[in-house]
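**Q** Below are the structure tokens for one structure; questions will follow.
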Amino acid sequence: MTNCRLRTIDIYANRKCNLRCAHCSTGSSMQADTETYAHQYIPWLKEMMGRGISWRILNILGGEPTLHSGLWRFVSEMKPYGPVELTTNGTWLGDWPRMGPVLKLLDVLTISCYPSMAARVPGYRDRILELKKAYPGLNVRDITVNRFLDWGFRQEASPSEARHCHGWRCAWLGTDGRLSRCWASLHLDCNPAVTTGFREACGDGMFYDLTTDTYPLRDWYSRRPFPACSWCTGGLSRWTRQTQRN
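So the sequence shown is numbered by our numbering: it starts at 101 and just counts up by one.
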């Protein structure tokens with residue numbers, strides 16, 4: 101038995117998004133119609149459970165997950181496998197009661213509040229207070245986001261700057277049964293900024309493949325940095341006030 105406990109397993113529901121954030125690493129847009137479904141992830145969650153791997157919470161995100169055509173079913177089918185968190189941009193808060201069926205299922209709701217976006221939702225803060233009052237058992241995390249991690253990809257590796265990535269505790273689960281240690285490696289085919297060096301270096305340990313890897317997952321989860329980190333500026337911990345493009 102592996103006996104490893106992950107902090108969070110991040111699961112992408114879709115790539116469609118109603119914002120065009122300059123810092124987006126997933127290639128999300130309103131034109132990106134790719135959706136995934138719970139049944140694509142459940143076999144891998146069962147596989148991990150069979151290996152003695154557990155997790156604190158399952159985090160569903162996108163894109164903007166509230167644009168998923170079957171979000172209620174997605175969340176309800178995930179519930180047997182642990183507490184469920186939904187990470188959203190909150191653009192739906194002006195009409196939050198319509199989200200009631202989904203909100204009833206959630207354990208945590210994380211709202212990334214982009215100030216320029218919130219200004220377009222009448223009574224944004226009041227709507228959040230109403231939602232909290234209506235669902236007192238729901239942990240609502242309202243996070244104001246006015247700075248973004250200034251990261252990109254290098255043409256040459258720089259190992260000395262690979263120590264401080266803010267995503268080093270990530271465990272992103274793909275529908276192919278691979279766990280990834282960062283959002284950028286999970287979306288290699290969606291992000292046009294990815295360099296050849298980063299792409300090739302991801303093959304050296306960045307993924308844990310549940311179909312082939314048998315060594316203890318805790319060894320993979322405790323490892324950092326990876327060779328690919330040397331090709332990414334995420335470890336610089338620089339921040340910018342760049343907001344989303346409208």
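Just so you know, even glycine gets a beta-carbon here, dropped at the ideal spot from N, CA and C.
Bear in mind that the values here come from a model prediction, so they are computed numbers and not experimental data.
#1: In angstroms with no decimal places, state the Cα-to-Cα distance between R225 and I243.
#2: Relative to the C-alpha of C329, which candidate in D309, W283, G274 has its C-alpha closest?
#3: Given Q140, which residues of its chain have a CB within under 8 Å of its CB, disregarding the five upstream and five downstream residues?
#4: Might you give, ordered along the chain, the residues of its own chain that have their beta carbon closer than 7 Å to the beta carbon of P222, omitting 5 neighbours on each side?
#5: Buried or exposed for G150, please, with buried defined as at least 16 other CB atoms from any protein chain shown within 10 angstroms of its CB.
#6: Among V202, V245, P197, which has the Cα closest to the Cα of L407?
#7: Rounding to the nearest angstrom, what Cα-Cα distance links R324 and P197 in this structure?
#8: Cβ atoms of I228 and W245: under 8 Å apart, would you say?
#9: Where does F253 sit, in a helix, a strand or coil, going by DSSP?
#10: Quick check on V184: does DSSP put it in helix, strand or coil?
#11: To the nearest angstrom, how far is it from the Cα of N189 to the Cα of C117?
#12: How would you call N103, buried or exposed, if buried means at least 16 neighbouring beta carbons within 10 angstroms?
#13: Helix, strand or coil for F298? Go by DSSP, reduced to three states.
#14: I'd like the list of long-range same chain contacts for L286, defined as Cβ closer than 7 Å, with 5 residues on each side in sequence excluded.
#15: Suppose the cutoff is 8 Å on Cβ atoms and the five residues either side in sequence are ignored; what does the same chain contact list for C270 look like?
#16: DSSP three-state label for A113, please.
#17: In the DSSP assignment, find the unbroken alpha helix (DSSP H) run with R225 in it and report its ends.
#18: Quick check on E164: buried or exposed, where buried means 16 or more other Cβ atoms within 10 Å of its Cβ?
#19: Could you name the residues that DSSP lists as bridge partners for E135?
#20: Out of G237, P292, Y214, which one is the CA nearest neighbour of L206?
**A** So, to answer that:
#1: 12 Å
#2: W283
#3: T275
#4: G194
#5: exposed
#6: Nothing about residue 407 can be reported from this structure: the residues present for the chain run from 101 to 346 only.
#7: 43 Å
#8: Here residue 245 turns out to be Val, not Trp, going by the sequence shown. Not a contact, by the Cβ cut-off of 8 Å.
#9: strand
#10: strand
#11: 9 Å
#12: exposed
#13: helix
#14: W272, G274, S280
#15: T108, D110, S280, R281, C282, W283
#16: coil
#17: 224-234
#18: buried
#19: N114
#20: G237
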